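Report on the following structure.
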Amino acid sequence: MKVAIGGPLKLAFRPWVEGLENIPAEGPAVLASNHLSFSDSFFLPAVLDRKVTFIAKAEYFTTPGVKGRMTAAFFKGVGQLPVDRSGARGAGEAAIKSGIEVLERGELFGIYPEGTRSPDGRLYRGKPGGLARVALATGAPVIPVAMIDTEKIQPPGQVMPKLMRPGIRIGRPLDFSRYQGMEHDRFVLRAVTDEVMYEIMKLSGQEYVDMYATAMKRQLTEAAKAEKEAEKAAKAALARAEKEQAEKLRAAMEQSDRRRTERGSGP
């Protein structure tokens, strides 16, 4: 990944980086980052000397056909771990297990506490499951990371990426050893997650929204659907009004024609 993708990425986009000294030269650590773009998982590893392992949905690895095999080979090549989202507790448990395994090998594990990409560039509430449980179960430090402007490189619907300089700010490691053994306490998980999100907010300068990004995406989807239905209803109403107007005009013209005919047939 660093040779085939990392080099060209750095050459083409020239990402700037602050806080590289906060990444340990060896040993496990959790990199907790905001999530603005699909490219976040490539820019961050590209600027580090060490390997970073992220998780990816299993569908990227199991899609049939030539395109599916190429996609699977790509994600395997860049060190992504497949997570099966089926089952009773879905991706959460799978992500936690994968993260613990990576950290127990003494490697870097990358995770997005928001759980999905930000729909509007703001920073959303972190989900308390994966990040905090992995950190507390392993004792690994959590390093907050802020991706800057990556969402502007290739906005949704844009085919060709825009050549511009994204940024990466890496904060100081956070030690949660005081909560060791409390990874099943939901109040502790919430406190750890909120502390990490606060540090990410300070690094990124993003506006913070105290709701989950998935909930906001649902709201935006429902609003777009309602707007589309309202537009459709408005067009239908306009079409009905135009039809009624045309019928009234035709009736008026027919009545006028009858009157002229009656006048023409008189004595």
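First residue of the sequence shown? That's 4 in this note's numbering, and the numbers climb one at a time after it.
By construction, the Cβ of each residue, glycine as well, lies at the ideal position given by its N, Cα and C atoms.
Note that this is a predicted model, so its numbers are computed, not measured.
Mapping the DSSP letters down to three states, classify residue i as helix, strand or coil.
i: residue 59; result: strand
i: residue 112; result: strand
i: residue 86; result: strand
i: residue 91; result: Low local confidence applies: a pLDDT of 44 at residue 91 is under 50, so the model's placement there is unreliable, and no value is given.
i: residue 40; result: coil
i: residue 257; result: helix
i: residue 126; result: strand
i: residue 29; result: coil
i: residue 11; result: helix
i: residue 68; result: helix
i: residue 119; result: coil
i: residue 132; result: coil
Out of the options, point me to the one whose CA is closest to residue i's CA.
i: residue 1; options: 18, 63, 14, 128; result: Residue 1 is absent from the model: the chain starts at 4 and stops at 270.
i: residue 159; options: 130, 148, 174, 122; result: 122
i: residue 19; options: 197, 266, 150, 254; result: 150
i: residue 59; options: 68, 77, 53; result: 77
i: residue 152; options: 66, 125, 74; result: 125
i: residue 221; options: 10, 120, 75, 7; result: 120
i: residue 29; options: 134, 252, 55, 37; result: 55
i: residue 206; options: 21, 249, 67, 224; result: 21
i: residue 7; options: 34, 38, 48; result: 48
i: residue 117; options: 105, 143, 263, 147; result: 147
i: residue 164; options: 182, 42, 197; result: 42
i: residue 51; options: 210, 99, 172, 251; result: 172
i: residue 37; options: 260, 253, 202; result: 202
i: residue 12; options: 44, 23, 25; result: 44
i: residue 185; options: 253, 132, 235; result: 132
i: residue 35; options: 200, 96, 161; result: 200
i: residue 189; options: 130, 181, 161; result: 130
i: residue 196; options: 134, 65, 23; result: 134
Report all residues from its chain with a CB closer than 7 Å to the CB of residue i; omit the five preceding and five following residues, and keep chain order.
i: residue 103; result: 137, 140, 141
i: residue 214; result: 127, 128
i: residue 241; result: none
i: residue 91; result: In this predicted model, residue 91 has a pLDDT of only 44, less than 50, meaning its place in the structure is not dependable; the value taken from the coordinates is given anyway. None.
i: residue 154; result: 39, 40, 124
i: residue 67; result: none
i: residue 143; result: 31, 32, 33, 106
Checking the sheet assignment: what are the DSSP bridge partners for residue i?
i: residue 35; result: 114, 147
i: residue 50; result: None, per the DSSP bridge assignment.
i: residue 21; result: 172
Tell me which same chain residues have a C-beta within less than 8 Å of the C-beta of residue i, skipping the five on either side of it?
i: residue 16; result: 46, 156, 166, 167, 168, 169
i: residue 107; result: 31, 141
i: residue 258; result: none
i: residue 99; result: 132, 133, 136, 137, 140
Whose C-beta lies closer than 6 Å to the C-beta of residue i among residues of the same chain, with five residues either side of it excluded?
i: residue 219; result: 122
i: residue 228; result: none
i: residue 63; result: 74, 78
i: residue 53; result: 111
i: residue 83; result: 57, 59
i: residue 232; result: none
Start-end ranges of the beta strand (DSSP E) lying completely within the region 136 to 215, minimum 3 residues: 145 to 151, 170 to 173
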